[in-house]
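The opening residue of the sequence shown carries number 60 in the numbering used here; numbering runs sequentially from there.
Where is the CB? At the ideal position from N, CA and C, for every residue including glycine.
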Amino acid sequence: MKKLTSVCKHAHLSKSKRRVLHFLGAFLVGLLVARIFYPQSSRYQALLCDPYGQITINNASDMDCTDCDHLASLENFRVSSMGTKGPSSSSKKLLFVGVMTAQKYLDTRAAAVYETWGKEINGDVAFFASETAQAPSKARHLPLVRLKDVDDSYPPQKKSFYMLQYMWRVLGDRYEWFMRADDDVYIRPDKMERFLRSINSSKAHFIGQAGRGNQEEFGLLSLEYDENFCMGGPGIIFSRETLRRIVPYVQTCLRNLYTTHEDVELGRCVQRFARISCTWSYEMQSIFYHNFSGGQAFTESLKTKEVHNAITLHPIKKHQHMYRLHNYMRGLEIRELQQRKVSLYRDLYSLGSVSHFNFNKNTVVDVLSQKKHFSNLVSKADYFGKPPSCNKYRPRSVDDVLPWDFISRSIYSSANLNPRRKLETHLKEGLDDIIRELIRSSNSYSRERGRVIEFQQILYGYYQLNPLYGPSYILDVLLTFKKYRGKKMTVPVRKHAYVQQQFASIEVREITSHGYTEKTEPNLDLYQRNNFKNNHENQQLSPTNVQINMVVPLSGKLDAFIRFMNTFEEICVRGPDKNLVLLVVLFAKIGSIEFNQTLAIVNGLKAQYPGETVNVDLLHVDQPFSRAKALDLGMQRVTMEELLFFIDVDMIWNAETLQRVRLNTGLQKSVYFPVVFSDFDPSVMSALGKKSTDKSFNAAERDGYWRLFGFGIVSAYKTDILEAGGFDTSIVGWGKEDVDLFDKFVQHNENISIFRSPDPNLVHIFHIVDCDNALDEARLTMCHNTRSETYGSVNQLASLIYHYKTSIFQYVLSKNSVNLGDNN
């Protein structure tokens, strides 16, 4: 009995020992599993560098946190646990973007990303580089994370997977979404936010443009028939749940690489351990857009449907184009805000109509006078709030009726000197904008309706420009209707579109000594009276008292010179503007009548005002006339930083002209090429029985035309002219020297802006243009074209033909020796 008891005791003890051993074994197995799935090696802890604040983790002394101060712009946080539970979605930020970059791109591409969309993203962005990466001196503000044991070699597989580890272990409980991006991708922050807000972030998502390799790689990427990957270039988005599933297996994925493509291996890892694939959706090609042009992508016009529809754009190889693209996107945002403002004004206008309020009555303003700026709001609603209509503008007389231009392959207009011409660039861009918005609005519910509409061409249309409200269009458009749900079909359809683009409010940007100030004023005249004239000295590029050196080439034209000197005497001798030096470059033989008379006029003016300084110099040149040579000689008489104004003796001008020269010309900033008004031939006016308006400032359509292609009148600083290349003094005779200088400024001076504007106080008095047949063919053609433009307007020449049709007909017959016989 005792023996049996003893045996039982030993058996009992053995069972207890076995339980302890089982417990210890289970504990060790669990510890091993935890070690595998949640590694805590010092190598990984280097990835847990907390540049944003503090982090609670064991063996923190082993962590490499150099360069972490660059991320101090993000809020501090403490990671206490990395389980599936975390802060509520409302306390999380929307998106964290990890940008993979390299040392050689930190001060170019990475800096461009951070200074454009990186600062506007709803969330945060950081740049992940190699262990030895150093922030460049010009971009020390970059939030840079250095990954230990990672270099900048290609393909960046290790860098990509370690970046995902960092995102989850350090930031996993702080954001709803995570994005892997390259340093040559552009992200539209506003569209990205709207896109992510429409998706449930608590589920596992792997979002991007799905791919299976190009034609050469198809079947060589070890992908199953139902497997794909998200293309890395346009960007890849992970939900928090997706990162939670794949990060424990990062080392496993790195040990089992089948290809050298980082995005392919990332997609394989997500497919294997997160059990999801990249989004199979056709529209992802346009949302996450990759341009296959390589280095030429997005270097030309940005007015394309691909640019407008995309959330991400890739690749932007030259970092300068990142800034260009960002400015364009900001412009689109401004247009959207302006459209929203117009829509609100229309709602206010409709509300006033329903409530029987008359916005033109002061009673409404009196009733709601306690509302700030209500009177301004009411006046804008009366203007911007009117709904689109072809009858919005009501002409008061027949002369006020606005004509419609016909649009086909060309544009036909009765109000233009060229009745049939090619579509101008501004009209092409306007039509492109209209068609793009028309297709976008037509396809806004295409997914629900299972159909899509595509643009083919504009068959014909009508265009009218209303100077008060904006352009109007009536278009007949050919479209393609595609139904892809139910009974599939593809049919061509025609659609009539009635479109009116509303002008935005007048916006004035003031340049003062303190920088830029922007104001919007409905009454520009009032704004000019209260601001421009009172703060005149702070708004021009050159000071109001800067000396102008006016250079006038002269050869013959004594009557025109007398008129010119009378203007100079009135404005710069007897008038208030004493800061003008006139330099006359005379081409004449010494002792000739022309030389003596010109010298007498100059000396006579000086003798007439003995007590005053008459700033007139006469430079004589005994050579054949060359305008380029004259301007170059005049330029040599001034110092490098003096202001020059080149003008012809046939021009009439006044004090306001000189002020505009000072306002619009800046040293190393701007050159001014005013558009002058040129008189028509007065004999045409006399033949029509109308009085000529010679020697007067009258920019009327019947009296002349704006010389849009004339560049001879220009103001600039000497140093800017020389840096552009100066005058080509080899040009002798009529023309081309002005176009040559203009082209040099366009091609060589990128930092100097060219300002062109019609100047109503610069009028070219008519004179016969003599075209020397010895000129080369190009200049002779230019001369004949200039001569033909001075005859008169199209309407005036048509009137001449109508009134003198018999004489003209007989003249043509005599010139062509035509014998019409009995049918004459």
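- If you check the CB distance, LEU692 and VAL644 come in under 7 Å.
- Residue state for HIS555 is assigned as strand, using DSSP reduced to three classes.
- The stretch 765 to 785 and the stretch 667 to 676 do not touch, with fewer than 3 CB-CB distances between them shorter than 8 Å.
- One alpha carbon belongs to GLY663, the other to THR626, and they sit about 15 Å apart.
- The DSSP-derived three-state label of ASP208 is coil.
- The beta-carbon separation of SER774 and VAL720, rounded to 4 Å, stays under the 8 Å limit for a contact.
- Spanning the alpha carbons of GLN162 and SER212 requires a straight line of approximately 11 Å.
- For MET694, the enclosing alpha helix (DSSP H) starts and ends at 686 to 695.
- One alpha carbon belongs to VAL610, the other to LEU726, and they sit about 18 Å apart.
- Following the DSSP letters along the chain, one finds ARG815 inside the beta strand (DSSP E) bounded by residues 812 to 823.
- CA-CA distance, TYR245 to GLU252, rounds to 14 Å.
- Taking the Cα of PHE801 as reference, the smallest distance to any Cα among ILE772, ASN820, ILE790, HIS823 is reached at ILE772.
- Secondary structure at GLU782: helix, using DSSP grouped into helix, strand and coil.
- Here ARG233 is buried, its C-beta having at least 16 other C-beta atoms within 10 Å.
- By the neighbour-count criterion, in which a residue is buried when 16 or more other Cβ atoms sit within 10 angstroms of its Cβ, SER298 is buried.
- Annotated as distal: PHE514 and ILE493, with beta-carbon spacing of 7 Å or more.
- Spatial neighbours of ALA687 in its own chain (CB-CB distance under 7 Å, excluding positions within 5 residues in sequence) are listed in chain order as PHE786, ASP787, THR788, ILE790, GLU796.
- For SER729, the uninterrupted beta strand (DSSP E) segment begins and ends at 729 to 738.
- Per the Cβ contact rule, the stretch 537 to 546 is in contact with the stretch 495 to 513 (3 or more Cβ pairs under 8 Å).
- Taking 7 Å as the cut-off, the beta carbon of ARG247 is found no closer than this to the beta carbon of ILE335.
- A distance below 7 Å between beta-carbons, with the five flanking residues on each side excluded, links GLU321 to the following residues of its chain, in chain order: PRO214, PRO215, GLN216, SER219, GLY291.
- When secondary structure is reduced to three states using DSSP, GLN560 falls in the coil class, being assigned neither helix nor strand.
- In the three-state reduction of the DSSP assignment, ALA356 falls in the coil class, being assigned neither a helical nor a strand state.
- Residue range 763 to 765 is occupied by the beta strand (DSSP E) that includes GLY763.
- Apart from the 5 residues on each side of it in sequence, HIS373 sits with its Cβ closer than 6 Å to the Cβ of VAL244, GLY292, PRO293, HIS349 in its chain, given in chain order.
- Linking GLU715 to GLY489 through their CA atoms gives a straight-line distance of about 35 Å.
- The criterion of a C-beta distance shorter than 7 Å is satisfied by ASN608 and LEU703.
- Counted as a single uninterrupted DSSP element, the alpha helix (DSSP H) harbouring VAL329 occupies residues 321 to 332.
- For LEU613, the enclosing beta strand (DSSP E) covers residues 607 to 613.
- Taken through DSSP and simplified to helix, strand or coil, PHE237 comes out as strand.
- SER852 has its alpha-carbon roughly 13 Å from the corresponding atom of PHE736.
- Of the candidates MET159, LYS197, THR849, GLY353, the residue whose Cα lies closest to the Cα of ASP762 is THR849.
- Looking at the DSSP output, LEU677 shares a beta bridge with VAL643.
- Relative to the Cα of GLY545, the nearest Cα in the group THR657, ASP249, ARG508 belongs to ARG508.
- The three-state reading of DSSP puts VAL536 in strand, counting E and B together.
- Secondary structure note for HIS862: its alpha helix (DSSP H) is the uninterrupted segment 853 to 862.
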